[in-house]
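A.B. asks:
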Amino acid sequence: MKDHARVVVIGGGVVGVSTLYHLAKKGWSDVVLIERKELTSGSTWHAAGLLPLFNMSYSVGQIHKYSVKLYGELEAETGQHVGLRRVSNIRLATTRDRMDEYHQYAGVARTIGVQVDFLSPEEVREIWPLCVTDGLIGAIRHPEDGYVQPADLTQAFAIGARNRGAEIYRHTTVTGLRQKTGGEWVVTTDKGEITCEHVVSATGNFARQTGAMAGLDVPVMPVEHQYIVTEPHPAILERKAEGLPEMGVLRESDGSWYMREENGGLILGPYEVGAPACYVDGPHPESEYELFQDDLDRLEPHIESAMRRVPIFAEAGIKQVYNGAIAYTPDGSPIIGPAWGKRNFWLNEGHSFGITAAGGAGWQLAEWIVEGEPSIDMLGVDPRRFGDYASKAFLKEKNEEAYANVFTVHYPDEERPAARPLRTAPCYGRMKELGAVFGQKFGWERPNWFAPEGVAAVDHWSFRRSKWFEHVGRECENVHENVGLLDMTAFAKARLGGPGVRDFLDHLVANKLPAKDGRIALAHALTTRGGVHSEFTIFREAADSYYLVSAGGLQRLDHDWLRRQLPRDGSVEMENLTTAMGVLVVAGPNSRALLERVAGCDLSNAAFPWLTGKDTTIGLAPARLLRVNFVGELGWEIHHGIEYQNHIFDRLMAAGQDLGIAPFGMRAMDAMRIEKSYRMVGTELSIEYAALESGLDRFVRPEKGDFVGRDALLAWKERGFANAFATLEVRGHNDADPLGNNPIYLDGELVGRATSGAYGFRLGKSLALAMVRPELAVPGHEFAMDVLGTTCTATVVGESPFDPENTRLRA
-7 MKDHARVVVI GGGVVGVSTL YHLAKKGWSD VVLIERKELT SGSTWHAAGL LPLFNMSYSV
53 GQIHKYSVKL YGELEAETGQ HVGLRRVSNI RLATTRDRMD EYHQYAGVAR TIGVQVDFLS
113 PEEVREIWPL CVTDGLIGAI RHPEDGYVQP ADLTQAFAIG ARNRGAEIYR HTTVTGLRQK
173 TGGEWVVTTD KGEITCEHVV SATGNFARQT GAMAGLDVPV MPVEHQYIVT EPHPAILERK
233 AEGLPEMGVL RESDGSWYMR EENGGLILGP YEVGAPACYV DGPHPESEYE LFQDDLDRLE
293 PHIESAMRRV PIFAEAGIKQ VYNGAIAYTP DGSPIIGPAW GKRNFWLNEG HSFGITAAGG
353 AGWQLAEWIV EGEPSIDMLG VDPRRFGDYA SKAFLKEKNE EAYANVFTVH YPDEERPAAR
413 PLRTAPCYGR MKELGAVFGQ KFGWERPNWF APEGVAAVDH WSFRRSKWFE HVGRECENVH
473 ENVGLLDMTA FAKARLGGPG VRDFLDHLVA NKLPAKDGRI ALAHALTTRG GVHSEFTIFR
533 EAADSYYLVS AGGLQRLDHD WLRRQLPRDG SVEMENLTTA MGVLVVAGPN SRALLERVAG
593 CDLSNAAFPW LTGKDTTIGL APARLLRVNF VGELGWEIHH GIEYQNHIFD RLMAAGQDLG
653 IAPFGMRAMD AMRIEKSYRM VGTELSIEYA ALESGLDRFV RPEKGDFVGR DALLAWKERG
713 FANAFATLEV RGHNDADPLG NNPIYLDGEL VGRATSGAYG FRLGKSLALA MVRPELAVPG
773 HEFAMDVLGT TCTATVVGES PFDPENTRLR A
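Under my numbering, the first residue of the sequence shown is numbered -7, with each subsequent residue one higher.
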């Protein structure tokens, strides 16, 4: 075993070996993989090998697409048969909500180049003649979908990696990890030590134990998954004898199971409620090829559902039941990318669909390690989307919930209840008494909308206009006409200070920093290629101190990004203030009159203009007012020590009764931000889009001098942009609005995609924010847009269709 390597990959399942293969393919041949037992001996060996392209996530969808394509090419490259069978995949639908989900997904698929076909019940019967179509209203089919043999696939990756110079050490156990002061990692094993630049953890069921060696609490915990393999059945054997094609993978989404042929019989894989998390404290050190005792009673409703849909399943004898561990995260998507707080420590863990994701996950992680950033937007799988709230107890509840919901309808506004409430602002109880219906972001409870008196404070989810639609409309109306109060305590907040802070921030962000104390700038941190990584509101407290605010859901991501780039000479210090500071927002034409009654400062336009801030008091409490908001009305953010929040809340509510004060939630805020064409990281702002493609011309200042991504952005501009930001008015659907990822067509050709959408209550119009070809982003240009299977007309309108001159903001 060598004692030095550029990268050490820990874990010999399909994900780890794919990572090794892709690193070697990128030209890094000095890479090794360490596996404690045999390759595939954790979860890979017992996987069913399915390759579902279906995924509502833009990030995961592209990962799966790459994998399925790659698996068709590996045998020619390596000589190793991988058992790929492109038999297609059919997902059945028995409800309109399910078909809405499929239509929304089809939009995602078309924008990333995945073929998906809609089927009638009659067409389902033609393709799957052993299926009963009673109760079906339709289905979708992926022609390129199918399955693969996981062990053979892993061996193909291993051959490909070794052919490029990579080495694999089996029966070698990692016993310790430490990082030297110079940044190199020392990987200690039972066979000796290896010093390396980078470590990749791809250890599946051992993810938490591997992470603990590096001082990380990795948000991964496996859940038991069972599937049944039957004896051969005459009907299937007869089809084979007649030379008929293998039937595709069948998924009864509303029954929560999948089925496919296997050696003349069938495999049935249910996803049941009640499947327990396993290896809560980690597997046994000698665990290998391990299965758990089966529990068919847990599967009974799904078995009965399968028997009704495919009667021959009831006739086939059970040959074997597999009950093995599958790694999960709280939201069901894997974690792929850099670990927080550690240089050159990478995670490729939590793969509940590891066979499908392995190729794409290895590809993008290798891109990230070698090139410094991935080539696709990985926000949906970034490890830093979870925070330290994701404790072991939290993971047990949430991961079991994620497993049970694999086949449930994934509504755009769904809010799952497990492990909640957890993080709450002090005003949580007061908001609840006012009818708040809460959602969760980064563990925080945030009011999504408010149920008026006489209406149950119960959420309703839909791809169409939900039952909360009219109530959110009234919230928007009240903000527009009176004054609204919003809890934004979940914001990520930090203070950066020190003698080097100005130069550090000036080099980090594309905009000019505030030139005077008390001024505010909206600034974007770009990637080295010129895309957008983060967005910050920057308030200058003093020449050597700045207060930064960013999206609450991106706290760990943004703060890790900042810390990674801090100068090592100690000239800049960073303090996380997220849980120390609360934030309440007042917005609307009466917000000044409200604050004049409770604040200890002059709020006139002359004394307190837009994009400025002041330290003052609200009632008896010290507070900082920032004249910014995300809804496009006159308003202020009130930042305060969190212990003062209820005092401030009560003073505002008492003082605003005759001014029409009422709370509003995140759904109203989102509707109003779209009316203002306000972009968000992860939708309109992405590493895949140049900052100028996203229309950030006002916030990108190349003339100020060097900053991260500047030269790459200008070179990108010189090459020519493929996209341009546009705001669209959408007409032609009576009860649904664009949700994002809607494909946009011109004369039948795909020319763009919606990134966000909502109904604009102040304008009385359905709106979308989108990226389209630059020559088409012209006001008045018309397109066709798919909204839940209905072709709508989408017309480009001017930037900020509500109050384009910002007269209300600046009032």
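Where is the CB? At the ideal position from N, CA and C, for every residue including glycine.
Hey, how far is the Cα of SER344 from the Cα of ALA68?
C.D. replies: Roughly 28 Å between the two C-alpha positions.
A.B. asks: Rounded to the nearest angstrom, how far is the Cβ of GLU230 from that of LYS311, given a contact under 8 Å?
C.D. replies: That pair is no contact at about 19 Å.
A.B. asks: Beta carbon of GLN107, beta carbon of LEU780: below 8 Å?
C.D. replies: Going by C-beta atoms, GLN107 is not nearer than 8 Å to LEU780.
A.B. asks: What are the boundary residues of the beta strand (DSSP E) that includes THR747?
C.D. replies: Run containing THR747: 741 to 752, per the beta strand (DSSP E) assignment.
A.B. asks: Roughly how many angstroms lie between the CA atoms of LEU616 and THR787, to the nearest whole one?
C.D. replies: Sequence inspection shows Arg at residue 616; the Leu mentioned does not correspond to that position. Answer to the nearest angstrom: the Cα atoms are 41 Å apart.
A.B. asks: If you drop the 5 nearest sequence neighbours on each side, which residues of the same chain put their C-beta closer than 6 Å to that of GLY427?
C.D. replies: Contacts found: PHE442, ALA443 and ALA449.
A.B. asks: Buried or exposed: where does TYR281 fall if 16 or more other Cβ atoms within 10 Å of its Cβ makes it buried?
C.D. replies: So TYR281 counts as exposed.
A.B. asks: Could you name the residues that DSSP lists as bridge partners for LYS485?
C.D. replies: DSSP lists VAL541 as partners of LYS485.
A.B. asks: Can the beta-carbon of VAL464 be found less than 8 Å from the beta-carbon of ALA660?
C.D. replies: For VAL464 and ALA660, yes; Cβs fall inside 8 Å.
A.B. asks: Rounded to the nearest angstrom, how far is the Cβ of MET672 from that of VAL471, given a contact under 8 Å?
C.D. replies: Actually they are not in contact, since the Cβ atoms of MET672 and VAL471 sit about 19 Å apart, beyond 8 Å.
A.B. asks: Roughly how many angstroms separate the alpha carbons of THR86 and TYR94, rounded to a whole number?
C.D. replies: Using only the alpha carbons, I get a separation of about 12 Å.
A.B. asks: Nearest-angstrom Cα distance between LEU76 and ASP405?
C.D. replies: Distance between the alpha carbons of LEU76 and ASP405 is about 36 Å.
A.B. asks: Can a CB atom of chain B be found closer than 8 Å to the CB of THR180?
C.D. replies: Checking the listed chains, one finds no chain B in this structure; it contains a single protein chain.
A.B. asks: Which whole runs of the alpha helix (DSSP H) in the segment 459 to 539 are 4 residues long or more, in chain order?
C.D. replies: The segment 459 to 539 contains these whole alpha helix (DSSP H) runs: 461 to 473 and 493 to 500.
A.B. asks: Given a threshold of 16 other Cβ atoms within 10 Å of its Cβ, counted over all protein chains shown, does LEU770 qualify as buried or as exposed?
C.D. replies: A small fix is needed here, since residue 770 is Val in this sequence, not Leu. Label assigned to VAL770: exposed.
A.B. asks: Helix, strand or coil: which one does DSSP assign to SER367?
C.D. replies: Coil.
A.B. asks: Under 8 Å, do ARG28 and THR165 count as touching if we go by C-beta distance?
C.D. replies: Cβ distance < 8 Å, so ARG28 and THR165 count as in contact.
A.B. asks: With a Cβ-Cβ cutoff of 8 Å, do GLU588 and GLY489 count as a contact?
C.D. replies: Cβ atoms of GLU588 and GLY489: not closer than 8 Å.
A.B. asks: Three-state secondary structure (DSSP) at HIS773?
C.D. replies: Three-state DSSP puts HIS773 in coil, outside helix and strand.
A.B. asks: Near GLU791, which residues of its chain fall below 8 Å by C-beta distance, leaving aside the five closest residues on each side in sequence?
C.D. replies: For GLU791, where only same-chain residues beyond five positions count, the Cβ hits under 8 Å are SER669, GLY687 and THR719.
A.B. asks: If we count the other Cβ atoms within 10 Å of its Cβ and call it buried at 16 or more, is GLY3 buried or exposed?
C.D. replies: So GLY3 counts as buried.
A.B. asks: Any contact between the segment 306 to 323 and the segment 390 to 399? By contact I mean 3 or more CB pairs, one from each, below 8 Å.
C.D. replies: Result yes; three or more Cβ-Cβ pairs closer than 8 Å.
A.B. asks: Along the chain, which unbroken stretches of the beta strand (DSSP E) at least 3 residues long are found entirely within the segment 242 to 308?
C.D. replies: Those beta strand (DSSP E) runs which fall completely within the segment 242 to 308 and span 3+ residues are 249 to 254 and 257 to 262.
A.B. asks: So HIS639 is in the alpha helix (DSSP H); what residue range does that whole segment cover?
C.D. replies: Its alpha helix (DSSP H) spans residues 637 to 647.
A.B. asks: Checking 8 Å against the spacing of the C-beta atoms, do HIS631 and LEU618 come in under that value?
C.D. replies: Yes.
A.B. asks: Thinking C-alpha only, which one of GLY431, TYR381 and ALA534 is nearest GLN547?
C.D. replies: Closest by alpha carbon: TYR381.
A.B. asks: Under 8 Å by Cβ, that's how I've got PRO275 and PHE198 pegged, so tell me the actual separation to the nearest angstrom.
C.D. replies: About 6 Å; that satisfies the 8 Å criterion.
A.B. asks: So, for GLY431: in the same chain, excluding its five sequence neighbours on each side, which residues have a beta-carbon less than 7 Å away from its beta-carbon?
C.D. replies: If we look at GLY431 and ignore the five residues flanking it on each side, its Cβ neighbours are GLU407, ARG438, ASN440 and MET658.
A.B. asks: Determine the DSSP secondary structure at ILE11, reduced to helix, strand or coil.
C.D. replies: Correcting the residue type first, residue 11 is Thr in the shown sequence and not Ile. Note: THR11 maps to helix in three-state DSSP.
A.B. asks: Please classify ASN726 as buried or exposed, where buried requires at least 16 other C-beta atoms within 10 Å of its C-beta.
C.D. replies: ASN726 is exposed by the Cβ-count criterion.
A.B. asks: Going by C-alpha to C-alpha distance, which of GLY580, GLY351, GLY203 and ALA613 sits closest to VAL60?
C.D. replies: Residue GLY351 is the option with its Cα nearest to VAL60.
A.B. asks: Suppose the cutoff is 7 Å on Cβ atoms and the five residues either side in sequence are ignored; what does the same chain contact list for ALA411 look like?
C.D. replies: Within the same chain, ALA411 has close Cβ partners PHE386, GLU389 and LYS390.
A.B. asks: With H, G and I counted as helix, E and B as strand and the rest as coil, what does DSSP make of THR604?
C.D. replies: Three-state result, THR604: strand.
A.B. asks: Can at least three beta-carbon pairs, one atom from the segment 695 to 709 and one from the segment 727 to 737, be found at a separation below 8 Å?
C.D. replies: In short, these stretches do not touch, since the Cβ pair count stays below three.
A.B. asks: Only counting the same chain, and skipping five residues up and downstream in sequence, which positions put a Cβ closer than 7 Å to that of PRO559?
C.D. replies: These residues qualify, in order along the chain: GLY492 and PHE496.
A.B. asks: Taking the C-alpha atoms as reference points, what is the distance between GLU238 and GLY257?
C.D. replies: Rounded to whole angstroms, GLU238 to GLY257 spans 11 Å at the Cα level.
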